[in-house]
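Asker: For the record, in the sequence shown the residue sitting at position 34 is 34 according to UniProt numbering, with numbers rising by one throughout.
All C-beta atoms in this analysis are idealised placements derived from N, C-alpha and C, irrespective of residue type, glycine included.
These numbers were taken from a predicted model, which means no experiment stands behind them.
Here you go, one structure.
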Amino acid sequence: MAKVVKTNAMRILDQLKVTYLHFQYEGKEENVDGTLVSRKNNRDHTLGHKTLVTKSTTNDLFVFVIPLTKELDLKKAAKAVGQKKIEMLPHKDLLKYTGYIKGGCSPIGMKKKYETVIEMSSEDRKDIIISGGKRGHIIEMSIENLLSVIDGKLADVCK
């Protein structure tokens with residue numbers, strides 16, 4: 001039996017005794033299609049979520065977890081975190097601030113604890129799928145547990 005490689009996000013969930021499912025996929029490429037990854041792992045692709053990192057005009061960072069099929073509305077997102085304006089954090093800065101790279105960014109286990117918002121429409125789902133914190137790894141867990149682990153909140157932030 002192949003040994004399961006634990007990511008930092010998985011170690012945090014284990015330490016907190018949070019139940020989750022872990023799946024692996026070929027994750028060498030930067031632009032991995034999350035919908036395809038879900039299907040290859042026999043998971044409902046509509047559970048898939050992406051983690052987006054933004055910055056405000058005062059350089060504060062904010063994290064948004066939204067369904068793969070949706071687009072972040074920067075105006076709604078700014079309002080949700082009490083800012084006038086936010087913009088996407090450049091990919092080149094992702095590792096520096098989060099400890100993660102594009103295609104492997106998880107809302108769990110970032111270098112610092114940033115205010116994190118999950119798209120309100122995701123509340124209807126029992127479970128969601130997020131990055132496991134490394135390309136090639138995804139985690140499926142309950143939205144309640146994710147909100148608790150990241151100390152997150154729900155808001156309408158998508159177009």
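Check Lys-112 in the structure and name its three-state DSSP category.
Answerer: By one-based count along the sequence shown, residue 112 stands at place 112. Three-state DSSP puts Lys-112 in coil, outside helix and strand.
Asker: Can you give me the C-alpha to C-alpha distance between Glu-144 and Asp-127, rounded to a whole angstrom?
Answerer: Translated into the one-based positions of the sequence shown, residue 144 becomes position 144. Translated into the one-based positions of the sequence shown, residue 127 becomes position 127. Taking the straight line from one Cα to the other gives about 8 Å.
Asker: What does the alpha-carbon distance come out to for the pair Asp-14 and Lys-6?
Answerer: Start at 1 with the first residue of the sequence shown, and residue 14 comes out as number 14. Start at 1 with the first residue of the sequence shown, and residue 6 comes out as number 6. Approximately 10 Å between the Cα atoms of the pair.
Asker: Please state if the CB of His-91 and the CB of Lys-75 are separated by a distance shorter than 7 Å.
Answerer: Here residue 75 refers to the residue found at position 75 when the sequence shown is read from its first residue. Here residue 91 refers to the residue found at position 91 when the sequence shown is read from its first residue. No; because the gap between Cβ atoms is not below 7 Å, this pair is not in contact.
Asker: List the DSSP bridge partners of Lys-55.
Answerer: By one-based count along the sequence shown, residue 55 stands at place 55. For Lys-55, which the question treats as bridged, DSSP gives the partners Leu-61, Glu-87.
Asker: Any contact of the segment 46-63 with the segment 112-121, i.e. 3+ C-beta pairs under 8 Å?
Answerer: Yes, the segment 46-63 touches the segment 112-121.
Asker: DSSP state of Ser-148, grouped into three classes?
Answerer: Taking the sequence shown and counting its residues from 1, one reaches residue 148 at position 148. Ser-148: helix per DSSP, three-state reduction.
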